[in-house]
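S.K.: Residues 10 to 136 in the numbering used here are what the sequence shown lists, from first letter to last.
For every residue, glycine included, the Cβ atom is placed at its ideal position computed from N, Cα and C.
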Amino acid sequence: MAAIEEKKENVSKKEVVAKKVAKKTAPQAAENADIAYRVLVEPWITEKTHAGLAENKYVFRITKDATKAQVKKAIEGFYKVSVEKVAVLNFIPKKRVYGRFEGSKSAIKKAVVTLKEGDKIELFQGA
């Protein structure tokens, strides 16, 4: 009887391990796309960033607490491309005086994403 109970315990442990492995190997694209909505704010499109497209570099405005790893996962999951390099730039708020009123420009954080050769993000669809 003891041998039968041990086999049942082993089988149930194997099922639990199999379920854990199945969860780990599930497609990560959905999770990465979810990260994109929390990390990416908008693509940053200027004349200078438009010139960087020739070098396969794209610029995005990101949230203040985003890390390079999160940005990489977000871009790969959302746009289905492979990222080679991520550079992050922090811009501090600058004081501005408008007549007798004082104000400040808002602080932003940008990420410059370099894609691997052959990958491309269609930012200007229909333009």
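Which first and last residues belong to the alpha helix (DSSP H) in which Lys129 is found?
M.R.: One-based indexing of the sequence shown puts residue 129 at position 120. Element bounds for Lys129: n/a, residue is neither H nor E.
S.K.: Ordered along the chain, which non-local residues of its own chain (more than five positions away) have a Cβ less than 7 Å from that of Ile44?
M.R.: For the purposes of this step, residue 44 is taken as the residue at position 35 of the sequence shown. Excluding positions up to five away in sequence, the list reads Gln79, Lys82, Ala83, Gly86.
S.K.: For Gly112, which of helix, strand or coil comes out of DSSP?
M.R.: As a working note, residue 112 is residue 103 in the sequence shown. Strand.
S.K.: Comparing alpha-carbon positions, which option in Val121, Ser115, Glu64 lies nearest Lys103?
M.R.: Position 94 of the sequence shown, counted from the start, is the residue given in the question as residue 103. Per the Cα distances, Ser115.
S.K.: Count the C-beta pairs between the stretch 95-111 and the stretch 55-62 that are closer than 8 Å, then say yes if the count reaches three, no if not.
M.R.: In short, these stretches do not touch, since the Cβ pair count stays below three.
S.K.: If we ignore side chains and look at the alpha-carbon of each, how far apart do Lys33 and Arg47 end up?
M.R.: Walking along the sequence shown from the start, residue 33 turns up at place 24. Walking along the sequence shown from the start, residue 47 turns up at place 38. Its pLDDT being 48, under 50, Lys33 is placed unreliably by the model, and the measurement read from it follows with that caveat. Approximately 22 Å, taken between the alpha carbons.
S.K.: For the stretch 87-94 and the stretch 113-133, state whether three or more C-beta atom pairs, one from each stretch, are separated by less than 8 Å.
M.R.: Contact holds: three or more Cβ-Cβ distances are below 8 Å.
S.K.: Between Lys118, Gly112, Arg109, which lies nearest to Ala96 when the distance is taken from Cα to Cα?
M.R.: On the sequence shown, residue 96 is found 87 positions in, with the first residue counted as 1. Answer by Cα proximity: Lys118.
S.K.: What first and last residue would you give for the alpha helix (DSSP H) that runs through Glu56?
M.R.: Taking the first residue of the sequence shown as 1, we reach residue 56 at position 47. Glu56 -> alpha helix (DSSP H) spans 56-61.
S.K.: So what does DSSP say about Ala120, is it helix, strand or coil?
M.R.: On the sequence shown, position 111 is the one that residue 120 refers to. Strand at Ala120.
S.K.: Any idea which residues DSSP pairs Ala96 with across the strands?
M.R.: For this step, residue 96 is matched to residue 87 along the sequence shown. For Ala96, which the question treats as bridged, DSSP gives the partners Val121.
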